[in-house]
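Peer 1:
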Amino acid sequence: MVKFLCWSGHRTIWAALYTNLWYWLPSPDQFQGRYLSTGGGGFAITSGEIDLSSGLVFGAASGTTDGGFGGWDAMLTDVVLPANGTIDWDILINFGYRSIHEMTVIGQAFTKSFYNSSSLYSYYQACSEGGREGWSQIQRYTSLYAISFGTQFDGAAIGAPAFRMPFQQVIHLFSAVVETTNNYAPCPCELEEIRNDTITACDGLDGRVDGVVGRTDLCRLQYNASSSVGSSYSCATARGFPAANGTVTPQAAQIAEEIYAGLFDSEGRQAYISFQPAASFSDAAPSYNATTNEYYASASVQWVNYFLNNVASTALSLGNITYNTLRDWMYQGMQQYRDTVLTTWPDLTDFSNAGGKVIHFHGESDSSIPPASYAALQEFYRLFLIPGADHCAPSSTQPNGPFPQNVLESVINWVELGIIPEQLNATVLAGTTTDLNQTVCSFPLRPYWSDISTMECVFDQASYDTWVPDLNSFPMPVY
Ligand SMILES: *[C@@H]1O[C@H](CO)[C@@H](O)[C@H](O)[C@H]1NC(C)=O
Ligand SMILES: *[C@@H]1O[C@H](CO)[C@@H](O)[C@H](O)[C@H]1NC(C)=O
Ligand SMILES: *[C@@H]1O[C@H](CO)[C@@H](O)[C@H](O)[C@H]1NC(C)=O
Ligand SMILES: *[C@@H]1O[C@H](CO)[C@@H](O)[C@H](O)[C@H]1NC(C)=O
Ligand SMILES: *[C@@H]1O[C@H](CO)[C@@H](O)[C@H](O)[C@H]1NC(C)=O
Ligand SMILES: *[C@@H]1O[C@H](CO)[C@@H](O)[C@H](O)[C@H]1NC(C)=O
Ligand SMILES: *[C@@H]1O[C@H](CO)[C@@H](O)[C@H](O)[C@H]1NC(C)=O
Ligand SMILES: *[C@@H]1O[C@H](CO)[C@@H](O)[C@H](O)[C@H]1NC(C)=O
Ligand SMILES: *[C@@H]1O[C@H](CO)[C@@H](O)[C@H](O)[C@H]1NC(C)=O
Ligand SMILES: [Ca+2]
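For the sequence shown, the positions run -15 to -1, 1 to 464 when mature numbering (1 follows the signal peptide of the UniProt record, and there is no 0) is used.
1) Run the Cβ filter for me: residues under 6 Å from any heavy atom of ligand 2, listed in the order they occur in the chain.
2) Between which two residues does the alpha helix (DSSP H) holding D202 run?
3) Going by alpha carbons, who is nearest to V197 out of A228, V463 and S380?
4) For E243, report the span of its alpha helix (DSSP H) as first-last.
5) Using only the heavy atoms of ligand 1, determine whether one of them is closer than 6 Å to the beta carbon of P11.
6) Is the closest heavy atom of ligand 1 to the C-beta of N338 under 6 Å?
7) Name the DSSP beta bridge partners of Q110, please?
8) Just checking, does the stretch 301 to 313 make contact with the stretch 93 to 101 on the three C-beta pairs under 8 Å criterion?
9) Is the distance from the Cβ of A229 to the Cβ of C220 below 7 Å?
10) Assuming I258 and G247 form a contact by the criterion Cβ under 8 Å, report the distance between their Cβ atoms to the nearest whole angstrom.
11) Buried or exposed for W120, going by 16 or more other Cβ atoms inside 10 Å?
12) What residue from L327, A415, E87 and F388 has the CA that sits closest to G48's CA?
13) Under three-state DSSP, which class holds W74?
14) Excluding the five sequence neighbours on either side, which residues of its own chain have a C-beta within less than 6 Å of the C-beta of A411, listed in chain order?
15) Does the Cβ of P372 have 16 or more other Cβ atoms within 10 Å, making it buried, or fewer, making it exposed?
16) Does the stretch 156 to 168 come close enough to the stretch 259 to 269 to have 3 or more Cβ pairs within less than 8 Å?
17) For F28, which three-state DSSP category applies?
18) Report yes or no: do three or more beta-carbon pairs, one from the stretch 184 to 197 and one from the stretch 321 to 333, lie closer than 8 Å?
19) Give the DSSP-derived three-state secondary structure of N69 in the structure shown.
20) Return helix, strand or coil for N410, following the three-state DSSP convention.
21) DSSP on L327, reduced to helix/strand/coil?
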């Protein structure tokens, strides 16, 4: 295996920064005619060596880029504001789509020339922000490349993409605003009790009692957090919070219900989706004042400060923020970033015509990026909601849930062998059923276990409808 580093550069506006590219190459006897691009997470455009190694298993040369941020550990937020009031659009475009594209085109040409290979299958794999980066390529670089490559990528394995970033970043404030609006910040233990009760109450709705909520849609339809009111809870000191005990209050149940329901404006119109029941309430975690012994709502406000107000600050009072404010911030972000990080160009005809394939998977109990989807474009795109899984990872509170281990292999099989991924293979990695292999249904089909070992993929309209909300708080369609 060869590790290869090179640079390409055209940025001269703010500073003479070059973009570093990093490729890992399998030895020629292990090369299988494949190239893989990888991406980042959070505000990072790269995941470094961890993801580069994932291509070698499949005999693929693999690439990553630092986006011209000045180093492999640099974040977009380190460089996007050269001064308060000023966005570096060049660097934002790098992050939005350009750097992954350049790294891919150079990597493809380099791979062909290094291995004397006249043809190449090209893939993409990443999760979260990296998933958004993958969609940024699928949505942009197809017809342009149809002549030489068919499509820039033949296939992509995309996990929990942050592709509606201006919405998803603002929804991170929603749980805290639900608390300030209700004038109550529950201690983490109280919401954890509600989540545990939710898991217990909804576990069996998928036909199998295994501690995993495989049907959060039925849970939304049939469960009400108010049934937790009066349950007693008790937690030891943890994560900077003191030991706590008590019984679940009606206010905490109300907060849980509002978080599950999603963001509604003052006229009762829906603005955005939120987390599914049984997801962890991580966005609702309060701060604690040891002097007054009080919990108060808090949230990460980096997106609002950096990208909407253009100031490098992490301070923002939640005092006057209403649900309408959150809606307006989403609208502002949609306008300001629709051609950079809002990655929802809806027409994928060229990609589909060129034979491109996407497997998109998303933890059903994702506590960072809510999983509702609008697409059912089964010919070239498959969505798999992973029962009980959290953000790009299994959930520790639903340990018997499966997690897919070989999504890229399923994409490769689909592209190169025409094997349609009707279901996705997944393995239980912890809990009492460790190593058990399961399969995951292709959305909009949903799992139902008719007995402990037999799962069917079923459809029902009421469940489906919970996944396709009408975001009618906006005067235009939200893709
Ligand atoms: C590619 O071809 C050149 C020229 O024939 C040769 O020197 C080189 O070793 C080949 N590379 C590989 C990886 O086979
Ligand atoms: C919730 O369940 C987990 C086990 O999954 C347990 O560790 C935790 O203590 C429970 N929390 C509460 C508040 O009971
Ligand atoms: C849950 O129950 C509470 C209390 O009975 C009620 O006010 C609320 O409307 C219910 N929520 C839903 C979504 O049905
Ligand atoms: C509950 O918390 C109070 C202090 O808030 C403490 O005095 C009491 O011992 C705790 N009870 C239990 C069962 O942990
Ligand atoms: C905690 O509360 C005290 C008393 O109101 C206040 O002086 C202090 O600033 C608070 N600390 C934090 C971190 O908010
Ligand atoms: C940018 O604005 C923030 C918020 O007003 C302030 O805290 C910070 O010091 C400013 N930074 C610079 C470099 O002026
Ligand atoms: C809320 O807005 C009012 C009026 O603009 C302002 O006076 C007040 O300081 C704000 N409160 C907070 C907590 O930001
Ligand atoms: C999925 O699992 C089946 C049954 O074990 C196996 O035949 C198939 O090769 C697996 N597919 C992938 C992509 O791992
Ligand atoms: C699950 O599948 C993997 C890979 O396909 C295989 O190695 C493993 O033995 C299977 N586990 C069980 C319990 O069948
Ligand atoms: Ca279950």
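Glycine included, each C-beta is placed from N, C-alpha and C at the ideal position.
Peer 2: Let me spell this out:
1) C174, E177, E178, N181, Y218, C220 and T382
2) T201 to Q207
3) S380
4) P235 to A246
5) no
6) no
7) T23 and A142
8) no
9) yes
10) 5 Å
11) buried
12) E87
13) helix
14) P387, F388, P389, Q423 and V425
15) buried
16) yes
17) coil
18) no
19) coil
20) strand
21) strand
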